[in-house]
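Chains as they are written, first to last, in this note's numbering: chain L, 8 to 458; chain V, 42 to 177.
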Amino acid sequence: MSDFHHALKIVDELCIGCSKCMNICPTHAIRVRNGKARLMDNRCIDCGECYRICPVSAIIIEQDDFSRIFPFKYRVALVPAVFFAQFPSKYSIGRITQALLELGFTHVFEIENGARLIRQETRKLLAENRDEKPLISTFCPAIVRLVQVKFPALVHHLMLLKPPLDAAAIWFRHHLEQQGASREETGIFYVTQCAAKIAAIKSPAEGEASPISGVINMDEIYNKVSVKLQAAEEDHAQANDKQVTMPGSADVLWSLTTGESSQIPGKRMAIDGVHNVTNFLEKLEQEEHPAFDFLELRACDESCAGGVLTTENRFLTAERMRSRARKCAADESQKQPSAMLYFDHEILPLLTIAEIKPRSMMKLDEDMGEALRKMKMIRQILQMLPMVDCGACGSPGCQALAEDIVQGRAMMENCIFIQRRYEQKGMLKPEVSAEIVKKIWGANKIDNENK
Amino acid sequence: MTFTYEIEGGNFSRAGTASSDIKKALKQLDLDYTIIKRVVVSLYEAEVNIVAHARRGTLTADIDPDRIVMVLDDQGPGIPDIDAAMTAGFSTASSRVREMGFGAGMGLPNIKKNADSLNIQSTVGVGTRLEIVVNF
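Right under this line is the structure:
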């Protein structure tokens with residue numbers, strides 16, 4: 008049914024069916040059945056809230072195996088600024104780069120090197136664009152998906168411009184090709200803090216080939232680099248920062264909250280946190296707000312510093328990045344222009360997104376009459392439900408249960424209040440209600456008295 | 042299918058509740074977003090009018106497969122000159138209301154612009170009745 012790749016997977020063997028993920032999911036994409044969390048593919052936006060909250064690490068983020076880098080002659084680690092800020096500032100960027108090279112990469116390139124081009128293009132789009140304001144940044148792929156599934160009316164506000172990640176990947180490919188490397192010899196591996204980025208790379212919008220060869224989770228590389236850094240505490244003290252192409256001070260902060268919006272002229276605003284963004288988009292849909300030119304919306308609290316695959320505390324990460332940017336700004340007066348200035352003309356046409364289509368999860372039916380009939384049924388069912396949103400039915404709240412019933416995904420008796428009511432009236436035997444509860448929560452939660 | 046809401050005069054913090062609810066319903070029907078927007082914008086303006094001017098009011102929204110009919114009935118000052126009220130920029134809102142970002146005199150004109158039909162009946166000192174229709 009769904010042609011969207013998801014990076015988040017639930018491991019049944021580990022899932023204890025606690026429903027924490029179900030209750031936190033911003034798009035109500037999770038149900039509990041047979042004691043296990045179930046993901047509804049067409050609703051999941053890969054924001055990773057479930058991954059964060061799972062108490063038993065039963066939700067995993069699919070990645071490419073690290074060994075996949077080795078068949079390539081040129082092995083590029085494409086690394087976000089957030090990665091360098093995972094480590095205490097006593098480890099210089101040059102040293103962390105050195106550790107990455109020791110792991111087997113031949114090149115390390117920082118993603119924020121691509122921000123300059125994106126800033127330039129965003130400004131251009133804003134100057135041209137009169138009708139679609141506010142432009143909503145497409146930097147955060149979880150937000151793009153949130154708009155697609157929950158706010159289809161706002162899809163045309165999404166800015167059709169790829170993020171710095173793509174600009175950096177395309178640029179580095181060009182750069183290596185200039186030096187004689189062929190496409191097949193070059194493997195570009197993105198070290199990511201983000202499940203949604205993985206999903207976006209694995210299912211690019213228009214079926215075009217991604218410039219990125221593979222994705223490796225940041226926590227894994229963090230562990231590997233930490234080992235190298237500790238093993239070589241004495242070496243590389245002099246590791247040279249100049250071996251890396253460094254983004255400018257403003258670009259370093261691109262992935263933090265206000266990192267984009269502060270670089271864009273006009274009336275703009277930044278919001279982080281997927282639930283905060285959802286609340287704001289509800290308002291925006293109703294046009295209750297004065298007109299904005301540009302909205303920077305990020306799913307994670309503290310934006311990418313709070314990415315689900317980061318290890319360090321997000322506030323510390325953000326502060327290290329700000330401190331780096333301050334230092335960088337002080338040095339900038341004597342700096343050479345970035346190497347990224349080359350190939351602009353080759354890269355620019357590749358940075359446009361052709362189209363982003365709405366894929367509403369809200370609609371009850373394709374047929375209007377049928378949808379109306381279902382809506383009426385939902386209202387009738389809601390009047391019978393207790394409205395306590397306890398989740399004991401295996402759906403995230405009474406409204407969701409009513410929708411599930413109408414769509415054939417659940418039955419009235421899934422509600423434990425309805426069960427009591429039916430039992431009182433003699434319409435349902437206690438053994439049958441026990442069976443129903445077992446079907447939702449698994450037999451062991453009912454049968455196992457000594458759990 | 043009928044939705045009914047009570048709207049309380051002066052309660053600006055709740056203004057928009059009904060239009061938000063109706064919006065959710067229309068999204069479930071998968072209507073074209075331009076139509077949803079027209080419904081929501083016109084309903085929101087009408088809701089704010091009651092909050093800003095009247096003591097209280099009710100909204101009844103009837104949705105069927107072809108259209109939505111929204112009737113807003115309020116107990117309030119009424120509109121002495123409907124033609125003037127329909128003029129863009131004409132406003133009788135108090136300075137307090139204006140300070141809150143409302144009362145720019147665009148309410149009724151904006152409703153008319155977004156609705157397929159708008160019918161206003163008003164009795165000074167008694168109240169106003171708006172019937173807004175948007176076809177699907």
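The C-beta atom is built at its ideal place from N, Cα and C for all residues, glycine as well. All values derive from a computational prediction rather than experimental measurement.
- When Cβ pairs closer than 8 Å are counted between the two stretches, the stretch 301 to 310 of chain L is seen to touch the stretch 277 to 289 of chain L, the count reaching three or more.
- Under the three-state reduction of DSSP output, Tyr229 of chain L falls in the helix class.
- A Cβ-Cβ distance of about 6 Å is found for the pair Gly117 of chain V and Arg96 of chain V, placing them in contact under the 8 Å criterion.
- Within 10 angstroms of the beta-carbon of Glu191 of chain L lie fewer than 16 other beta-carbons, which makes it exposed.
- Taken in chain order, the complete alpha helix (DSSP H) segments of 4 residues or longer contained in the stretch 291 to 379 of chain L are 321 to 338 and 351 to 354.
- With contacts defined as CB atoms closer than 8 Å, Ile66 of chain L and Asn224 of chain L fail to qualify as a contacting pair.
- Between Tyr429 of chain L and Glu442 of chain L the beta-carbon gap is near 13 Å, outside 8 Å, which marks them as no contact.
- In summary, Thr104 of chain L is buried, with 16 or more beta-carbon neighbours lying within 10 Å of its beta-carbon over all protein chains present.
- Here the stretch 323 to 343 of chain L makes contact with the stretch 85 to 97 of chain L; the two share three or more CB pairs at distances below 8 Å.
- Looking at the DSSP output, Phe116 of chain L shares a beta bridge with L:Leu85.
- Less than 8 Å divides the Cβ of Met375 of chain L from the Cβ of Leu70 of chain V.
- Listed along the chain, the chain L residues whose CB falls inside 7 Å of the CB of Ala66 of chain V are Met382.
- Rounded to the nearest whole angstrom, the CA to CA distance from Gly51 of chain V to Ser135 of chain V is 12 Å.
- Less than 8 Å separates the beta-carbon of Phe179 of chain L from that of Ile195 of chain L.
- Our two residues, Lys65 of chain V and Lys78 of chain V, have alpha carbons roughly 11 Å apart in a direct line.
- When secondary structure is reduced to three states using DSSP, Ala14 of chain L falls in the coil class, being assigned neither helix nor strand.
- Interface annotation, Val175 of chain V: not in contact with chain L, CB-CB separation never under 8 Å.
- Met42 of chain V belongs to the set of residues whose beta carbon lies under 8 Å from a beta carbon in chain L.
- Near chain V, meaning a CB-to-CB distance below 7 Å, the residues of the stretch 141 to 174 of chain L are Pro159 and Ala160.
- Taking the CA atoms as reference points, Glu377 of chain L sits about 28 Å from Met29 of chain L.
- Inter-segment contact for the stretch 8 to 27 of chain L and the stretch 68 to 80 of chain L is present: three or more beta-carbon pairs are separated by less than 8 Å.
- Below the 7 Å Cβ cutoff, chain V contributes Gln69, Leu70 and Asp71 as neighbours of Ala378 of chain L, in chain order.
- Contact check for Ile52 of chain L and Thr34 of chain L: beta-carbon distance about 6 Å, within the 8 Å limit, so the pair qualifies.
- Under DSSP, Thr199 of chain L forms a beta bridge with L:Asn224.
- For Asp124 of chain V, DSSP assigns no beta-bridge partner whatsoever.
- Listed in chain order, the non-local C-beta contacts of Gln414 of chain L below 8 Å within the same chain comprise Leu371 and Lys381, local neighbours out to five positions each way being set aside.
- Taken through DSSP and simplified to helix, strand or coil, Asn160 of chain V comes out as strand.
- Excluding residues up to 5 positions away in sequence, Gly117 and Pro118 lie with their Cβ nearer than 7 Å to the Cβ of His94 of chain V in the same chain.
- For Gln116 of chain V, the three-state secondary structure derived from DSSP is strand.
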